[in-house]
Amino acid sequence: MQEGFLEVLFPTGPDFDLDARDDFEGWISGMLYRSELGEVTGAGMGDGVAVLDIEIAHAELTPQAVQLLLELLRRKGAPAGTLIHERQPVDQVHRLI
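The sequence shown runs 1 to 97 under the UniProt record's numbering.
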């Protein structure tokens, strides 16, 4: 069964640094664990962006995971310009509004 793969990209700056990325990583990891959708598999930061890599257990669960991620990002106050780049099963971008 194919897995899904997402990247959450946060613009960095004075209001969003490594500590903020780590906070979001913890919140997202907890949500994915509780919902049994997947896990955070990597993180990075550079060139004005912080990234979290997320594997979704089964590709068909990706839309549900994206929806929960968007809700969590809004609730926790992710910075303007944050987006989710879905890589698998399809390549598309979900913008935080």
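Cβ atoms here follow ideal geometry from the backbone N, Cα and C, with glycine treated the same way.
| query | Measuring CB to CB, does G48 end up less than 8 angstroms from T82? | reply | no
| task | Write down the C-beta distance between E7 and L52 rounded to the nearest angstrom, noting that I regard them as a contact closer than 8 angstroms. | result | 7 angstroms
| said: So the candidates are E71, R87, E86; which of them puts its Cα closest to the Cα of residue 100? | reply: Summary: the structure shown does not reach residue 100, with the chain confined to residues 1 through 97, and so no result is reported for it.
| query | Nearest to L73 by CA position, among H94, A59, T41, is which residue? | reply | H94
| query | Can you list the beta strand (DSSP E) stretches of 3 or more residues lying completely in the stretch 15–49, in chain order? | reply | 38–46
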